[in-house]
Amino acid sequence: MEIHKVLIAVVLSLFVLVAWNLLFPPAPPPQRTTTDDPAVEQRALMDEDKVPQIPSQEFFPGEVQEFRAVEGQRIIVETPLYRATLNSSGAVLEHFELRKFRQTLDPDSPSIDLITPRSLVKGPMGISWNRIPTWLEGEWAFEGDDLVIGPGEEKSLTFMGRVNGIEIVRELTFLADTYEIRENINVINTTESVISGQLTNILATPAFAEDRFNPTRVAYFDQRGLSHEKDKQLREGFVHQNGLKWSGIGNHYFLLAFVPEGSRELTLRADLENEIYQIAVSENLYIDPGHARTMINTYYIGPKDREYLRDSPAELVRAIHYGWFNVVSKPLIISLNYFHRYTGNYGIAILLLTLVIKIIFWPLAQKSYKSMNQLKKLQPMMAKIREKYKDDRQKMNQEMMRLYKTYKVNPAGGCLPILVQIPVFIALYQGLMGSVELRHASFIHYLPFTDIVWLADLSARDPFYITPIIMGATMFLQQKMAPAPGDPLQAKIMLFLPVVFIFIFISFPSGLVLYWLTNNVLSIGQQWWVLRNAGNKPLVKVEQKGDADSEEKTEVKTEVKAGQKEKPQKASPAAKAGKKKKKK
């Protein structure tokens, strides 16, 4: 098999992998009809089966607190990281604005709000009891005021609600230096009989952005690991049980997650209606008269930043996942953040990381380019073989293999080292695509010598397509430096690929294009270095000659430069003696 065939296979495979989501996006499933009644919408999400009576393992006698129902009012909680707005009726979350993340590059643009008015119909951070949305049909009391929490501080709010014979006491604790909200729930039976029911914690949000490269998805983590659900299944209604550790709604950059504490029998239901994602985590309770059941949970609402997630409970940091090559992507992104710590510029950090990867794979690439250079020198002889046996494909392949064997050239030697590097390239590609660190991270803010904004956001595409075009030019130059395919059709395909890649990378985030462009430039430099040092070195031909009177063989090495005809070899004395004997 010739080197160009292997190269085409590698390039096409990589091309298909990168272009698949762009060229073949999944078709959106048909919308499911819904009602405008919030209570009906909430009940439709819950299981219609009768709630089984499962006795609680933890009871304590409790007295009913003084309760005075009030109308819902807005409560503001401000920390250095976010500004949250809650409603006193059920502690439903109305807004959650991230102070460190803006909607656009304009420093005066509004902050990212992970909870919008569109999602209020679903009751984000609300609680339902036996399929009844308590924030709509229950009575709630609240005593307190807005909170302003300084660095290192934590403060709490308490909400008390009544619905269908139970009292719900929610204590929410807000911390200044994290995006976690800790919850302590007491469900108290205020009747004179045993109560059984289903308590459900809810999170909901619309799709974060209309971006096929950064889709919003429902995720959950159990004993089998991390799983994601597609929109099609969510529209039909999704249910999961057995060992749920946490569940959430998120994209590459942001996450809303519910994390229950302790070993509990929980059921996750997820839904997508009117482009609003909702998760509902339910637990069956069995409470004696005058007793209560206590549950402890954690909400995380914020960026998918390892700095904030690594200390979260239930391995919530596993929500940061980069795809197939996640195990390789994670150390690469950690290294990227390390370089950024010293450079202060993620563009420069990408350049340095690409350089380090290139140095690690330098020996493999060196071997690959040397093999390609040897094949380039054999091109004249390969052309003659193709011309001579153009009507006999089998004979042509046999002669080609004999030629490779004669000059000890491995036709796949230029490709195998590249195959080893492909997982690393894809891992870095996935890591850069899914890193919140690159969102609104600047490389070269303005075009040189102008005030025109250019690469001010490495998570967005190049507005002037400069980097994709340069990247395509470097791919074309690499192909010109490599051996030309013998088949004219294959040669045209190879020349056309840079154009295809330009159109694909035009819509890619500029951070990805910068990585690919840098890698191409470094590869061209290394390839030029190999050609410069090995260009004048002739190939070594290995011939095997046999003595007329002996089966022993000896190797005779001759040197043949590219395009140079093979010099006739002088017969050895033993061979001459053999010829004389035959003549006699």
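Read the sequence shown against the working numbering and you will find it ends at 642, with the numbers running on by one and no gaps.
Don't be surprised by glycine CBs; every beta carbon is placed ideally from N, CA and C.
Remember, predicted model here, so these are calculated numbers, not experimental data.
For N455, the secondary structure class from DSSP, reduced to helix, strand or coil, is helix.
The residue from V339, I334, L313 with its alpha-carbon nearest to that of T325 is V339. Taking the CA atoms as reference points, V557 sits about 23 Å from L477. In the three-state reduction of the DSSP assignment, L324 falls in the strand class.
Sequence-distant partners of V221 (beyond 5 residues in either direction) whose C-beta falls short of 8 Å from its own C-beta, in its chain, are W187, I190, T192, E195, G196, E197. Between the segment 389–402 and the segment 304–322, the count of C-beta pairs closer than 8 Å stays below three; the two stretches do not touch. Per DSSP, Q536 has no beta bridge partner at all.
Runs of the beta strand (DSSP E) lying entirely within the segment 273–346, each at least 3 residues long, are 275–280, 283–287, 296–298, 304–308, 312–318, 324–331, 334–345 in chain order.
Here the segment 245–252 makes contact with the segment 205–225; the two share three or more CB pairs at distances below 8 Å. Here the alpha carbon of G530 sits roughly 15 Å from the alpha carbon of K550. F154 is bridged by DSSP to A142. Around L313, the same chain offers G306, K362, A377 as residues with beta carbons nearer than 6 Å, after the five sequence neighbours per side are excluded. P521 has no beta-bridge partner at all, per DSSP.
With respect to the 7 Å criterion, P138 and A234 are classified as neighbours on the basis of their beta carbons.
For I408 against Y573, the beta-carbon gap comes to about 5 Å, under 8 Å, which counts as contact. Nearest C-alpha to M539 among Q585, E495, S254: Q585. Per DSSP, reduced to three states, the secondary structure at M183 is coil, with no helix or strand assignment. Contact fails between the segment 211–219 and the segment 285–299, because fewer than three Cβ pairs, one in each stretch, are under 8 Å apart. About 18 Å separates the beta carbon of V571 from that of P506, a gap too long to meet the 8 Å contact definition.
Excluding sequence positions up to five before and after F554, its CB lies less than 7 Å from no other CB in the same chain.
Here the segment 412–427 makes no contact with the segment 506–516; the two share fewer than three CB pairs at distances below 8 Å. With a cutoff of 7 Å on beta-carbon distance, L284 and H379 are scored as near each other. In the DSSP assignment, the residues bridged to Y358 are E238, A315.
L413: member of the alpha helix (DSSP H) spanning 404–418, first to last residue. For A199, the enclosing beta strand (DSSP E) has its first and last residue at 197–200. By the neighbour-count criterion, in which a residue is buried when 16 or more other Cβ atoms sit within 10 angstroms of its Cβ, A485 is buried. Comparing alpha carbon positions, the residue from T231, G202, D204, F200 closest to E211 is T231. Looking at the DSSP output, M353 shares a beta bridge with I243.
In this structure, A265 sits away from K180, with a CB-CB distance that is not shorter than 7 Å. Under the three-state reduction of DSSP, R497 is assigned to coil, being neither helix nor strand. Taking the Cβ atoms as the reference, P182 lies roughly 6 Å from V150, within the contact range of under 8 Å.
Of all alpha-carbon atoms in Y311, E201, I443, the one lying nearest the alpha-carbon of G489 is that of Y311.
For Y504, the enclosing beta strand (DSSP E) starts and ends at 502–504.
For S393, the enclosing alpha helix (DSSP H) has its first and last residue at 384–401.
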